[in-house]
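Here the sequence shown stands for residues 25 to 97, numbered as in my numbering.
By construction, the Cβ of each residue, glycine as well, lies at the ideal position given by its N, Cα and C atoms.
Here the structure comes first, spelled out in structure tokens, and everything after it is commentary.
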Amino acid sequence: MKKIDANIRYLQQYEWFRMIYEDEKYRKLFITNYKVRSYLKSKLRVRLLVKNKNAQRRFLKLVEEQIEKRHTN
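So this is what it looks like as structure tokens:
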């Protein structure tokens with residue numbers, strides 16, 4: 025199992041992450057988007073996401089920015 029898959033599984037324990045991950049609008053980003061995937065490869069960042077609301081907000085902002093880019097390209 026890839027590290028990113030393990031990290032995503034770990035984050036799915038948390039409601040806020042599960043809501044994003046299960047939303048069709050964002051789902052593809054977790055599979056295809058380089059920035060989102062590289063963010064989630066880091067064990068340190070994943071741990072921060074669990075503990076820190078600001079980190080969660082930054083991650084949500086990143087995801088939203090990637091959605092915007094996808095729609096403008």
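In whole angstroms, give me the CA-to-CA distance for residue i and residue j.
i: T96; j: R82; result: 21 Å
i: L53; j: N76; result: 22 Å
i: V70; j: E89; result: 19 Å
i: A79; j: E48; result: 22 Å
i: Y38; j: Y58; result: 23 Å
i: V74; j: S62; result: 17 Å
i: I28; j: L84; result: 17 Å
Could you check whether the Cβ of residue i sits closer than 8 Å to any heavy atom belonging to the ligand FAD?
i: H95; result: Absent from the structure shown: the ligand FAD. Ligands present: none.
Report the three-state DSSP secondary structure of residue i (helix, strand or coil).
i: K26; result: coil
i: S66; result: coil
i: Y58; result: helix
Is it true that the CB of residue j sits closer than 9 Å to the CB of residue i?
i: Y45; j: L35; result: yes
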